[in-house]
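Working notes, beginning with the structure itself.
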Amino acid sequence: MANPAPKSISYANTDLFDRRPLFFDGSLKRNQLNLLLTGIAALFASIAVLPLVLVLGHVLVKGGSLFSWALLTELPPAPGLSGGGIGNAIFGTIVVTLIATLIAVPIGVGGGVFLCEYSRNGWFAQFVRFGNDVLAGVPSIIAGIFIYGLVVATKVFFDQSYSALAGGIALSVLMLPTVIKTTDEGLRLVPQELRWGSYGVGASKFVTVMRITLPAAFTPISTGIVLAVARAAGETAPLIFTALFSPYWPDGLFSPIASMSVLIYNFAIMPYEYQNALAWAASFVLVVMILGANLLSRWITRMAKT
Amino acid sequence: MPTDPSLASPADVFTLRRRPPSEKLLDTGFRQLTLALASAVAFVLIGIFLTVFVEAREAIAQFGSTFLTTSDWDPGNDTFGAWVAIYGTLVSSLLALVIAVPLGVGTAIFITEDIIPVQVRETIGLMVELLAALPSVVLGLWAIFVLEPAIRPVLNLLHHLLGWTPFFSTVPQGPGMAPAILILVVMVMPIITSISRDALNQVPVELRQGAYGVGTTRWGAIFSVILPAAVSAIVGGVMLSLGRAMGETMAVTMIIGNSLNFSLSLLAPGNTIASLLANQFGEADGIQISALMYAALILMILTFVVNVAAQWIVKRLSLRY
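Line by line, the protein sequences are chains A and B.
The opening position of the first sequence corresponds to residue 7 in my numbering, with each subsequent residue numbered one higher.
The opening position of the second sequence corresponds to residue 4 in my numbering, with each subsequent residue numbered one higher.
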């Protein structure tokens with residue numbers, strides 16, 4: 007008689023809880039609804055992935071089939087003719103993007119340093135951050151029009167209107183907000199103790215920024231710069247009224263220059279098959295470069311973590 | 004008190020070195036330099052507004068507010084009205100959002116809510132981010148040669164079935180508003196997805212645990228706890244992508260048809276402010292440049308309002324939890 011069963015308690019009367027076994031019951035309405043919604047989300051996710059697969063597939067097949075040494079080194083043919091390549095456009099994209107990088111990176115990193123290290127969140131810093139977000143939202147075509155009005159129409163550079171330099175400046179307007187933002191946010195991730203330690207051993211603010219905080223924030227800043235460069239390399243709208251286009255090899259920084267993105271635009275709307283094919287080939291080269299840069303930025307982040 | 008005999012007096016250990024003037028100069032000079040570089044943003048922004056406004060003044064004086072409502076764009080007679088482009092900008096970007104928001108938010112939920120293994124989730128996330136990195140001119144090329152021919156039968160069917168409504172009343176013939184909207188969906192959806200994904204990831208884990216703890220289902224938790232907690236950031240992201248869609252130039256220009264005639268039909272060619280600029284700015288002169296600048300000013304104001312609204316929503320309407 008060690009364990010007398012408590013006969014007097016009846017579960018039916020006293021139990022406050024639903025004691026049905028906790029097994030998944032697929033016939034419940036809410037579980038069916040759940041399954042349905044999960045299915046819809048899965049469908050949406052597969053639709054979201056579809057464009058990348060399709061676009062990449064077409065670019066690789068249509069553009070890759072034309073890939074050759076001549077494509078990378080020769081000049082584009084006259085409209086209607088075939089043969090030749092996109093060498094000047096590849097070179098031009100590199101030149102214009104390089105100009106934009108040389109302008110936007112010093113300004114952007116410097117501005118980011120001010121925002122994070124010097125500004126103490128005053129009204130001016132708030133204004134610059136706000137303005138930076140607004141600038142990031144300015145349509146790229148407006149940046150092109152701005153530089154057209156500022157540089158091309160006024161012919162400030164040696165009386166030259168359309169020029170590679172104007173194109174580079176227009177692209178730098180688009181790069182600047184990204185570089186400032188990533189620098190500002192990257193520097194904020196640097197632990198405050200590092201700065202204190204640096205001041206503690208007697209370093210000045212300048213030395214602290216240059217030798218301690220900027221190197222410590224190298225990974226996020228360089229990732230942001232690589233992404234900004236990749237985005238600028240693919241931009242077309244700011245270039246069509248600034249760098250224009252040229253079917254020849256570049257003739258200095260103060261004359262019009264070809265670029266892959268403008269070449270794609272011009273050749274895509276031409277009624278000639280070979281020009282259309284060249285547009286696909288230029289897309290192939292451009293997409294490989296841009297996706298390569300994106301994967302590079304991921305690799306930088308991953309290397310920094312390990 | 005025991006003293007270390009090797010330390011005779013503090014003065015022998017610590018020497019106070021005054022900073023040389025050159026070092027101080029470098030320090031303040033560097034501060035001023037970064038201040039000047041930071042102000043560059045303000046100068047560029049104000050410069051953009053001023054340049055566009057000054058160049059647009061002539062057209063503003065001549066056409067006034069009728070510019071916004073008339074649809075007669077005729078460089079030959081120097082009469083300009085931007086209604087076709089304004090209407091096209093608003094309709095294409097809003098309809099693109101109507102499609103892209105469910106797709107983007109749905110995808111974001113699918114890759115944040117532990118439905119599928121982490122590797123698959125990360126792959127989908129990576130692919131969406133790479134889609135956002137594709138240049139718009141490449142998407143435009145793809146839209147011309149692949150997307151538009153592929154969807155033409157569907158558009159024909161729409162015209163066949165719904166041709167009695169004004170929105171599908173024309174026969175689809177190549178470029179038009181509908182393919183432009185679809186390519187805008189492709190461009191805007193990755194932005195919505197990645198912003199929504201970040202917002203959903205930032206919802207505190209306690210909220211999820213609490214929701215599941217009281218016995219709700221996955222989608223019960225998503226709809227009544229997780230989405231409301233993240234809604235301000237998601238709406239902010241949607242507004243940001245609306246700004247992008249309104250200002251998107253190349254892909255839209257290549258596929259929208261650049262028609263100067265007003266049509267309610269989504270199957271007919273249309274125009275947007277950005278594509279009007281891309282098309283005409285190169286060959287414009289005289290008052291036409293000014294009219295184009297006026298249109299650019301309208302586009303700037305539209306995107307400015309949308310972007311500021313996006314920032315305001317993110318800052319002010321975020322839930323405090």
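Even for Gly, the Cβ is constructed at its ideal location relative to N, Cα and C.
Is there a C-beta anywhere in chain A that falls below 8 Å from the one on residue i?
i	result
Gly285 (chain B)	yes
Met180 (chain B)	no
Leu230 (chain B)	no
Ile301 (chain B)	no
Arg21 (chain B)	no
Ile127 (chain B)	yes
Pro105 (chain B)	yes
Gln314 (chain B)	yes
Leu341 (chain B)	Residue 341 (chain B) lies beyond the stretch modelled for chain B, which goes from 4 to 324, so this question has no answer here.
Ile304 (chain B)	no
Val87 (chain B)	no
Leu47 (chain B)	The residue you asked about is not Leu; residue 47 (chain B) is Val in the sequence shown. So yes, Val47 (chain B) belongs to the interface.
Please list, in chain order, the chain B residues whose beta carbon lies closer than 8 Å to that of residue i.
i	result
Tyr124 (chain A)	Arg34, Thr37, Leu38
Arg36 (chain A)	Thr220, Gly223
Thr242 (chain A)	Pro138, Ser139, Val140, Thr252, Met253
Leu156 (chain A)	Gly50, Thr54
Phe247 (chain A)	Phe284, Gly285
Below 8 Å on the Cβ atoms is my contact criterion, and I expect residue i with residue j to pass it. Report the Cβ-Cβ distance as a whole number of Å.
i	j	result
Ile227 (chain A)	Thr188 (chain A)	6 Å
Ile237 (chain B)	Ser199 (chain B)	5 Å
Ala287 (chain A)	Ile92 (chain A)	6 Å
Val158 (chain A)	Phe247 (chain A)	7 Å
Val134 (chain A)	Leu121 (chain A)	6 Å
Leu245 (chain A)	Thr184 (chain A)	In fact, because the Cβ distance is near 18 Å, the residues do not count as touching under 8 Å.
Asn204 (chain B)	Thr110 (chain B)	Actually they are not in contact, since the Cβ atoms of Asn204 (chain B) and Thr110 (chain B) sit about 14 Å apart, beyond 8 Å.
Met266 (chain A)	Ala95 (chain A)	5 Å
Ala287 (chain B)	Leu300 (chain B)	That belief does not hold up - the Cβ atoms of Ala287 (chain B) and Leu300 (chain B) are roughly 15 Å apart, past 8 Å.
Met253 (chain B)	Ala243 (chain A)	6 Å
Gly118 (chain A)	Leu193 (chain A)	6 Å
Ala274 (chain A)	Gly79 (chain B)	Ala274 (chain A) to Gly79 (chain B), Cβ: 28 Å. No contact.
Ser293 (chain B)	Ala85 (chain B)	Actually they are not in contact, since the Cβ atoms of Ser293 (chain B) and Ala85 (chain B) sit about 12 Å apart, beyond 8 Å.
Ser95 (chain B)	Met180 (chain B)	6 Å
Would you say residue i reaches chain B, if we count a Cβ-Cβ gap shorter than 8 Å as a contact?
i	result
Ile113 (chain A)	yes
Thr189 (chain A)	no
Asp139 (chain A)	yes
Met7 (chain A)	Note that Met7 (chain A) scores a pLDDT of 44, beneath 50, so its modelled location is shaky; the value from the coordinates is reported in the next line. By this cut-off, Met7 (chain A) is not an interface position.
Asn127 (chain A)	no
Ser33 (chain A)	no
Ala95 (chain A)	no
Trp286 (chain A)	yes
Ser14 (chain A)	Low per-residue confidence applies at Ser14 (chain A): pLDDT is 49, beneath 50, and the placement is therefore not dependable enough to give any value.
Ala236 (chain A)	yes
Ile92 (chain A)	no
Trp305 (chain A)	no
Ile296 (chain A)	yes
Val61 (chain A)	yes
So residue i contacts chain A; which residues on that side make the cut at Cβ distance below 9 Å?
i	result
Phe70 (chain B)	In chain order: nothing, as chain A lies at least about 17 Å away.
Ile184 (chain B)	By Cβ distance, chain A contributes nothing, its closest Cβ being about 14 Å from Ile184 (chain B), past 9 Å.
Asn310 (chain B)	Asp139, Val140, Ala142, Gly143, Val144
Phe307 (chain B)	Val140, Gly143, Val144
Closer than 8 Å by beta-carbon distance: list the chain A residues that pair up with residue i, in chain order.
i	result
Leu29 (chain B)	Ser210, Phe212
Ile118 (chain B)	Thr44, Ala47, Ala48
Ala236 (chain B)	Residues of chain A passing the Cβ test: none, with the nearest at roughly 14 Å.
Leu243 (chain B)	Gly143
Glu58 (chain B)	Gly155
By the criterion of Cβ-Cβ separation under 7 Å, what are the contact partners of residue i in chain A?
i	result
Val189 (chain B)	Pro57
Glu26 (chain B)	Ser210
Ser92 (chain B)	It should be pointed out that residue 92 (chain B) corresponds to Thr in this sequence rather than to Ser. In chain order: nothing, as chain A lies at least about 10 Å away.
Thr110 (chain B)	Phe50, Ala51, Ala54
I'd like to confirm the pairing. Which residues does DSSP put opposite residue i in its beta bridges?
i	result
Asp325 (chain B)	Any property of residue 325 (chain B) remains undetermined from this structure, which presents chain B solely from 4 to 324.
Phe163 (chain A)	A:Gln166
Under 7 Å Cβ-Cβ, which residues of chain B neighbour residue i?
i	result
Leu292 (chain A)	Pro138, Val141
Phe120 (chain A)	Thr37, Leu38, Leu40, Ala41
Phe23 (chain A)	Ordered by position in chain B, no residue passes the 7 Å Cβ test against Phe23 (chain A), which lies about 11 Å from the chain.
Chain B partners of residue i, CB-CB under 9 Å?
i	result
Ser146 (chain A)	Ser139, Gly250, Glu251, Thr252, Met253, Ala277
Asn40 (chain A)	Thr220, Arg221, Trp222, Gly223
The ligand SAM and residue i: does any heavy atom of the ligand fall closer than 7 Å to the residue's C-beta?
i	result
Gln283 (chain B)	Ligands in the displayed structure: none, and consequently the ligand SAM is not present.
Where the stretch 252-277 of chain A meets chain B: residues whose CB sits under 7 Å from a CB there: Ser267, Ile270, Tyr271, Ala274, Ile275
Name the residues in the stretch 133-159 of chain B whose C-beta lies less than 8 Å from a C-beta of chain A; which are they? Leu133, Leu134, Ala136, Leu137, Pro138, Ser139, Val140, Val141, Leu142, Gly143, Leu144, Trp145, Ile147, Phe148, Val149
Along the stretch 175-189 of chain A, what residues have a CB closer than 8 Å to any CB found in chain B? Val179, Leu182, Pro183, Ile186
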